[in-house]
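Colleague: Sending over a structure as structure tokens; questions will come in a sec.
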Amino acid sequence: MGKRTPLYQCHVEAQAKLVDFAGWDMPLHYGSQIQEHHQVRQQAGMFDVSHMTIVDLHGPAVADYLRYLVANNIDRLVPGKALYTCMLNEQGGVIDDLIVYKMTDNFYRLVVNSGTREKDLAWLTKQANSFELTLTVRDDCAMLAIQGPHIREKIPTLFSPDQAQTILNLKVFHAAELDHYFIARTGYTGEDGFEVILPATEAPAFWRKLLAADIKPCGLGARDTLRLEAGLNLYGADMDETVTPLESNLAWTVAFDPTDRQFIGRTALEKQLHNGVKQQLVGLVLEGQGVLRNHQKVIVDGFGEGEITSGSFSPTLSKGIALARVPAQVGQHCLVDMRGKQVPVQVIKPPFVKQGKKTFSHITERENE
């Protein structure tokens with residue numbers, strides 16, 4: 009038996025297909041993964057993400073600690089603002105990706121992945137030894153993601169008028185504390201929406217309130233195809249400790265300015281930039297029928313081979329799509345080895361879908377010549 013979130017009984021009642029995910033019993037789907045995907049793209053859905061690890065940092069040295077710990081620049085934050093970043097090792101490899109929320113000058117909140125929980129907590133604790141701060145894991149909280157184009161219109165039915173106005177005024181990647189609810193305009197689907205951190209004891213009642221507002225439960229299966237369409241990386245698949253953000257379509261999360269900020273991994277990244285980044289993470293769209301799968305070989309004619317890191321069928325586009333790490337010289341087309349047959353794919357810069365619509369134009373190899 010795996011670990012259970014505070015919403016486990018709600019999943020059982022909703023007849024979820026439960027699977028093991030990083031040691032947690034989590035819902036894969038509630039009947040139809042495809043239907044749940046479309047629910048979020050077209051209307052409104054909710055995900056139990058209480059398996060994520062929430063870490064609160066308090067103390068006078070928290071900002072200095074984060075300046076050293078993460079690759080992005082936390083000095084861009086003001087209270088109520090969030091930042092997506094990576095924690096790196098000395099070689100520039102990605103220990104994890106995470107979101108940092110600035111609550112006050114001496115209080116920051118981190119949300120890190122569940123599959124890397126023990127490794128992350130050990131790293132956070134080790135690096136904190138030189139700084140005056142306290143690190144608190146918030147296992148007393150639950151976390152729900154409510155996502156989709158119709159979410160905003162449902163907010164007034166879920167909160168008081170004053171609270172609803174505060175929530176609707178939030179800009180993307182901003183957050184607010186309302187009583188003991190923490191609500192951020194963030195997500196992992198490519199749709200508008202919110203992530204809500206609340207006391208674990210109150211999570212089932214809030215879940216039922218969301219159900220009453222016709223916000224349908226969605227499982228990890230739909231969450232994965234939604235994030236892939238949105239071009240969002242999955243830790244352990246699209247990046248890990250063996251690759252850097254510069255090879256993972258995450259260069260935008262690395263702040264080299266100011267030049268005197270010495271963050272972990274900086275020297276390795278600067279060396280990689282100087283020598284030239286040899287690989288890049290790109291999007292692939294299958295030109296024919298079929299589904300692209302993780303670990304399939306990608307052939308870039310004249311420059312070598314790469315590998316699909318995340319592949320699936322896109323319910324929105326009705327096509328096979330993938331993220332792949334390939335030689336940096338890749339053009340607009342390459343080939344994927346599917347069971348011994350080399351099939352053509354179009355290379356794009358992710359995302360594949362934005363606000364429910366395709367983001368790229370189809371270019372044939374003939375047009376490219």
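In terms of my numbering, the numbers along the sequence shown are unbroken and rise by one, the last being 377.
Cβ coordinates follow ideal geometry from the N, Cα and C atoms, glycine included.
#1: Would you mind working out which of K366, E295, I371 and Q340 sits nearest M346, comparing C-alpha positions?
#2: Using the three-state DSSP reduction, which class does T61 fall into: helix, strand or coil?
#3: Using DSSP with H/G/I as helix, E/B as strand and the rest coil, what is R282?
#4: Go through its chain and collect everything with a Cβ distance to T235's Cβ below 6 Å, but skip five positions before and after it.
#5: Between the Cα of A263 and those of E44, N81 and I62, spot the shortest distance and give me the residue it belongs to.
#6: Need the endpoints of the alpha helix (DSSP H) that E249 sits in, please.
#7: Should T165 be labelled buried (16 or more other beta-carbon atoms within 10 Å of its own) or exposed?
#8: For G31, which of V119, V48, Q17 and M60 has the nearest alpha-carbon?
#9: Decide if R84 is buried, meaning its Cβ has at least 16 other Cβ atoms within 10 Å, or exposed.
#10: Whose C-beta lies closer than 6 Å to the C-beta of A153 among residues of the same chain, with five residues either side of it excluded?
#11: Assess contact between the region 95 to 109 and the region 37 to 48, defined as three or more Cβ pairs (one per stretch) separated by less than 8 Å. Is contact present?
#12: Since Y109 sits in a beta bridge, which residues does DSSP pair it with?
#13: For the putative contact between R269 and R75, defined by C-beta atoms under 8 Å, what is the C-beta separation to the nearest angstrom?
#14: Where does Q287 land, buried or exposed, given buried means 16+ other C-beta within 10 angstroms?
#15: Give the C-beta separation of V299 and S320 to the nearest angstrom, bearing in mind that I take them to be a contact with Cβ-Cβ under 8 Å.
#16: For the putative contact between I316 and Q297, defined by C-beta atoms under 8 Å, what is the C-beta separation to the nearest angstrom?
#17: Can you list, in chain order, the residues of its chain with a C-beta nearer than 7 Å to that of D72? Leave out the 5 residues immediately preceding and following it.
#18: Determine whether the beta carbon atoms of Y109 and A208 lie at a separation below 8 Å.
#19: Return the CA-CA distance between G123 and E249, expressed in angstroms with no decimal places.
#20: By Cβ distance, which residues of its chain are closer than 6 Å to Q51, with the 5 residues on each side in sequence left out?
#21: Can you pull the DSSP bridge partners for F202?
#22: Go ahead and pull the three-state DSSP assignment for C18.
#23: Taking all protein chains shown into account, do 16 or more other C-beta atoms lie within 10 angstroms of the C-beta of A213, making it buried, or fewer, making it exposed?
#24: Residues in the same chain with beta-carbon distance under 7 Å from G244, minus the five sequence neighbours each way, listed in chain order, please.
#25: Which residues in the same chain have their Cβ closer than 8 Å to the Cβ of R216, if we skip the five residues on either side of it in sequence?
Modeller: Short version:
#1: For the set K366, E295, I371 and Q340, the Cα lying nearest the Cα of M346 is the one of E295.
#2: DSSP places T61 in strand when its eight states are reduced to three.
#3: One point to set straight first is that residue 282 is His, not Arg, in the sequence displayed. Looking at H282 - three-state DSSP - the assignment turns out to be helix.
#4: For the record, residue 235 in the displayed sequence is Arg; it is not Thr. These residues qualify, in order along the chain: Y196.
#5: Considering only alpha carbons, the answer is N81.
#6: It is not in any alpha helix (DSSP H) - E249 carries neither H nor E in the DSSP assignment.
#7: T165 should be labelled exposed.
#8: Check the Cα spacing between G31 and each of V119, V48, Q17 and M60: the tightest is with M60.
#9: Counting Cβ neighbours within 10 Å, R84 comes out exposed, since fewer than 16 surround it.
#10: These residues qualify, in order along the chain: F55, V57, G195 and E203.
#11: Touching, no, given that fewer than three Cβ pairs across the two stretches are closer than 8 Å.
#12: Answer is A90 and R117.
#13: That belief holds up - the Cβ atoms of R269 and R75 are roughly 6 Å apart, short of 8 Å.
#14: Of the other Cβ atoms in all chains shown, 16 or more fall within 10 Å of the Cβ of Q287; this residue is therefore buried.
#15: Going by Cβ atoms, the distance from V299 to S320 rounds to 7 Å, so yes, they are a contact pair.
#16: Contact flag wrong, Cβ pair sits at about 17 Å.
#17: F139.
#18: It is not a contact, given that the beta carbons lie outside the stated cut-off.
#19: Here the alpha carbons of E249 and G123 stand approximately 14 Å from one another.
#20: Cβ neighbours of Q51 within its own chain (closer than 6 Å, five residues either side excluded): G156 and H158.
#21: Bridge partners of F202: I154.
#22: DSSP places C18 in helix when its eight states are reduced to three.
#23: It counts as exposed.
#24: Contacts found: G123.
#25: Counting only Cβ-Cβ distances below 8 Å, and skipping sequence neighbours, we find C18.
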